[in-house]
Every structure is written in structure tokens, then in C-alpha cells.
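Q: As numbered in my numbering, residues 237 to 364 make up the sequence shown, in order. C-beta: ideal position from N, C-alpha, C; glycine also. Keep in mind that this is a model prediction, so the values were computed, not measured.
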Amino acid sequence: MGWKFWKRSNPMDPQEMLARGHAEANSFPAPPRPQDTLPVGSFGMTVEDVFSITGRGTVVTGRVQAGTVSVGEQVLLTRAGQPMQQVEVTGVEMFRKTVQTAKAGDNVGLLLRGVSRDQVLRGDVLSK
């Protein structure tokens with residue numbers, strides 16, 4: 237192999253290279269994701285920060301670890317494995333956009349009804 241090894245005697249058509257690349261990318265199956273193996277309806281999120289919005293309620297932020305959560309669902313607030321109380325999710329916000337559902341891997345803020353700021357600490361877990 238000489239120093240001009242990248243120069244081919246028969247250059248490939250760019251469209252053929254593009255088609256070959258797309259065919260190879262789609263030939264591999266997607267790896268299994270942890271959220272695909274969870275029971276339907278499961279949800280888990282660790283609280284990273286808590287604050288209160290006057291007139292709206294308590295907001296907890298964090299990354300959804302598993303499952304999904306939607307507006308109007310009931311979630312269980314737990315601390316150190318001990319259930320604290322049941323709360324309702326009245327809003328889901330992601331990067332200053334209001335959304336209806338958050339799925340695993342999303343950084344979200346959840347607006348909660350039925351809990352005050354003093355009752356939630358960093359490290360608490362929200363789950364279904």
C-alpha cells in the first residue's frame with residue numbers, strides 16, 4: 237500500500253456511498269432499553285431541587301429515571317424507602333415548554349398538588 241492508498245482506481249458514486257451507508261445503519265437492531273422492560277405504568281424520579289411558585293404550587297425538578305408520567309396522574313412521594321404521601325401531578329415542564337408527558341431520560345419540572353415545599357427534600361423519590 238503506497239502513500240496514496242485513499243485514491244481508488246474506480247471511484248464510487250456519491251449516491252451509491254450514501255445508499256450503502258443508510259443500508260448499513262438500518263441493518264443493526266436497536267439495543268433493548270431499560271424502560272422497555274418495565275411494567276406498564278411504572279415511573280421513577282429522584283428529586284434534585286424543590287421550589288414554590290406563588291399561586292401555582294410546589295415544583296420538583298429532576299431526571300426521570302424510568303417509565304413515564306403525565307399530567308393528572310397520582311404519584312407516591314417516598315423518602316428513604318418509606319412512603320410519605322400521595323400527590324397529583326398538575327403540570328409537566330421541560331426546558332421552559334409545557335408538555336403532557338415526560339419519559340425516561342427527560343429533565344423535567346413537575347408541578348405537584350397536595351404537598352408544600354417544606355415536605356419535599358432533595359433525594360426524595362417520586363414513583364407510581
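#1: Please check the pair residue 282 and residue 361, which I expect to be a contact at CB under 8 Å, by giving their CB distance rounded to whole angstroms.
#2: Using three-state DSSP, classify residue 360 as helix, strand or coil.
#3: Considering only residues of the same chain and omitting the five flanking positions on each side of residue 352, which have a CB-CB separation below 8 Å?
#4: So what's residue 355 in DSSP terms, helix, strand or just coil?
#5: Just reading off the beta strand (DSSP E) that residue 321 is part of, what are its end residues?
#6: When you compare the CB positions of residue 280 and residue 316, do they come within less than 8 Å of one another, or not?
#7: Could you tell me which residues DSSP puts in a beta bridge with residue 298?
#8: Would residue 311 and residue 338 be called neighbours here (beta carbons separated by less than 8 Å)?
#9: Using DSSP with H/G/I as helix, E/B as strand and the rest coil, what is residue 310?
#10: Starting from residue 286 and walking both ways along the beta strand (DSSP E), at which residues does that stretch end?
#11: Nearest by alpha-carbon distance to residue 346: which of 250, 313, 251, 319 is it?
A: If we stick to the structure as given:
#1: Correct: roughly 6 Å between the Cβ atoms.
#2: DSSP, reduced to helix, strand and coil, places residue 360 outside both helices and strands of the structure shown, so it counts as coil.
#3: Hits under 8 Å: 288, 294.
#4: In this structure, DSSP gives residue 355 a helical state, which the three-state scheme calls helix.
#5: It spans 318-330 - the beta strand (DSSP E) in which residue 321 sits, taken as one unbroken run.
#6: With respect to the 8 Å criterion, residue 280 and residue 316 are not classified as neighbours on the basis of their beta carbons.
#7: 344, per the DSSP bridge assignment.
#8: Taking 8 Å as the cut-off, the Cβ atoms of residue 311 and residue 338 do not count as close.
#9: Residue 310 falls in the strand class under three-state DSSP.
#10: Element bounds for residue 286: 285-289.
#11: Nearest option by C-alpha distance: 313.
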